[in-house]
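Residue numbers (the working numbering): 866 to 1073. C-beta: ideal position from N, C-alpha, C; glycine also. Quick notes on the structure that follows.
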Amino acid sequence: MYFSYDIIDKRAVTDPDGIAIRWQSPDGRLLEVSNADLHHHSDVTAYYLRRMGVGIGSRVFMYDMETVFEYATVLTALNKLCATPVFDLRKQPVDRCNELQAYAIVCNCLSDIIPIIDAHIDKFTTLEIKISVGYPYPRNWFDLHTGTRLARPFRPADNLPKKYTSFIVYDKQPILYDETYPIDATGNTVLDRFLGAIRHGSAFEIRQ
């Protein structure tokens, strides 16, 4: 199952104004992202990531993205590319990125893991790009928002595999999930809620 194509993109056609994401900031501001908006944002994000070299099977570590609405757009974009998001629950970026041969890291700009990554950048063996989400973005990181503003229309690849690793959740050991990922299979509750929401047609709720 390609949830980006099979669910989100179809919902953008059948119910474009329906709410896909509901994000609330600490000061009470509410942002609602429609199905049509999620489709658009995931398309431009997928275009940008593909231009940055992310493709089928690329392993992309995501850190501290659970409190920003881009969590959903990046996940959806990676699914469109058949790339593999990796959730490192113990935040050990150097060892785990090297072990799983990470191509990229996408990280909340306010994350306390950024200085750890930067301080040990010479120890990463396969990492090619670091992408920051939000403002202010750190030095020597690409900025997701700048990149997506320059995006052009996205077209899916012709050779998408029928079976692929949809996610990797890494707690004590890495657990690989295919496209039939069970909604309640891990302790990564944010990922479970996201998948549950998109499959049941409800809004994905995020609080910062």
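Just reading off the alpha helix (DSSP H) that residue i is part of, what are its end residues?
i: P980; result: 979 to 984
i: P1039; result: P1039 -> not in any alpha helix (DSSP H); beta strand (DSSP E) instead, spanning 1039 to 1043.
i: R961; result: 958 to 964
Rounded to whole angstroms, what is the Cα-Cα separation between residue i and residue j?
i: H904; j: T990; result: 34 Å
i: A1050; j: I981; result: Below a pLDDT of 50, predicted positions are generally treated as unreliable, and A1050, at 47, falls in that range; the measurement from the model is reported next regardless. Their Cα atoms are separated by approximately 30 Å.
i: Y912; j: Y968; result: 16 Å
i: D880; j: G1066; result: 10 Å
i: K1037; j: F1069; result: 27 Å
i: A1082; j: R876; result: Given that the chain is displayed from residue 866 to residue 1073, the structure contains no residue 1082 and the question cannot be resolved.
i: I978; j: R1004; result: 14 Å
i: K1028; j: D1043; result: 7 Å
i: S869; j: G893; result: 29 Å
i: A1022; j: R915; result: 10 Å
i: T1013; j: M917; result: 11 Å
i: V878; j: A984; result: 45 Å
Are the Cβ atoms of residue i and residue j separated by less than 7 Å?
i: D882; j: S899; result: yes
i: V959; j: F926; result: no
i: V1055; j: E931; result: yes
i: V939; j: V971; result: yes
i: Y1035; j: S976; result: no
i: I812; j: L1041; result: Any question about residue 812 goes unanswered here, given that the chain covers just 866 to 1073.
i: S907; j: A948; result: no
i: R924; j: L954; result: no
i: I872; j: I1063; result: yes
i: W1006; j: K995; result: yes
i: L946; j: V919; result: yes
Between residue i and residue j, how many whole angstroms is the CB-CB distance? I'm expecting something under 8 Å.
i: C962; j: L992; result: 6 Å
Go to residue i, then tell me how far its beta strand (DSSP E) extends in each direction, as first and last residue.
i: E935; result: Segment 935 to 946 is the alpha helix (DSSP H) holding E935; no beta strand (DSSP E) there.
i: V971; result: 969 to 973
i: V909; result: No beta strand (DSSP E) contains V909, which is instead part of the alpha helix (DSSP H) from 900 to 916.
Exercise. Can we say the region 887 to 894 touches the region 990 to 999, given the rule of at least three CB pairs closer than 8 Å?
Worked result: no
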